[in-house]
Each structure stands twice: as C-alpha cells, then as structure tokens.
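Worksheet for the structure shown next.
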Amino acid sequence: MKRIPFNTYTQYSFWGNVDYIDNKAAMLERNKLATQLKKQGFIVKKHTLSNQLSKYSGLGQPDGRIGTVYYLDVFNKELNIGND
15 MKRIPFNTYT
25 QYSFWGNVDY
35 IDNKAAMLER
45 NKLATQLKKQ
55 GFIVKKHTLS
65 NQLSKYSGLG
75 QPDGRIGTVY
85 YLDVFNKELN
95 IGND
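All the letters of the sequence shown, read from the start, carry residue numbers 15 to 98 under the working numbering.
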C-alpha cells in the first residue's frame, strides 16, 4: 500500500446528525462536492465512519449526538494515486 503524506491532500468531513439534519443530507453534500471536484480533474476518495460521538462542546463534555461522518479526501492533481 502506498503511503501518502497528509500535506498532499485535503480532507473534508460531513457530520450527519451533527452538522447536517441527518446522515442522508451529509452524504449527499459530500457526494455533490466529490462530483464537482472530479469534473475539475482532482482525484477524490470517499470513506465513512459510522456511529461517531460528536466532538466535545463546552466544558469538555461531549454533547451526546451520534452520527455518521462522511469523509472526502481531495488529492493534488500532480499525484499519481491508485496506479501502483
């Protein structure tokens, strides 16, 4: 497996039930951005983490919301990803 340095790509996260009304809305937003970036010639990879506890809110306590996190990794155009 080829290891890719973090500084060669940008990662976006879309939290269902936290940043978006539900998981479906978060996934649709991620997929919409992925489609736009693919058309511009970027290489994108999508992945998902299910049942994640929301980040901490005030006073260092989790706010109790659980959702699916939809990730989008956007790689620099110069990279030759997936051809190993």
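Where is the CB? At the ideal position from N, CA and C, for every residue including glycine.
| message | Can you find the residues in the same chain that come closer than 6 angstroms, C-beta to C-beta, to L51, ignoring five residues on each side of it along the sequence? | response | V58 and V88
| query | Near K91, which residues of its chain fall below 7 angstroms by C-beta distance, leaving aside the five closest residues on each side in sequence? | reply | G55 and F56
| query | Would the beta-carbon of L86 fall within 7 angstroms of that of K60? | reply | yes
| message | If I follow the unbroken alpha helix (DSSP H) through Q50, where does it start and stop? | response | N37 to K53
| request: Compute the Euclidean distance between the alpha carbons of T49 and A39, then round it to the nearest angstrom. | output: 15 angstroms
| field | G96 versus S27 - alpha carbon distance | value | Its pLDDT being 48, under 50, G96 is placed unreliably in this model, and the coordinates cannot settle the point.
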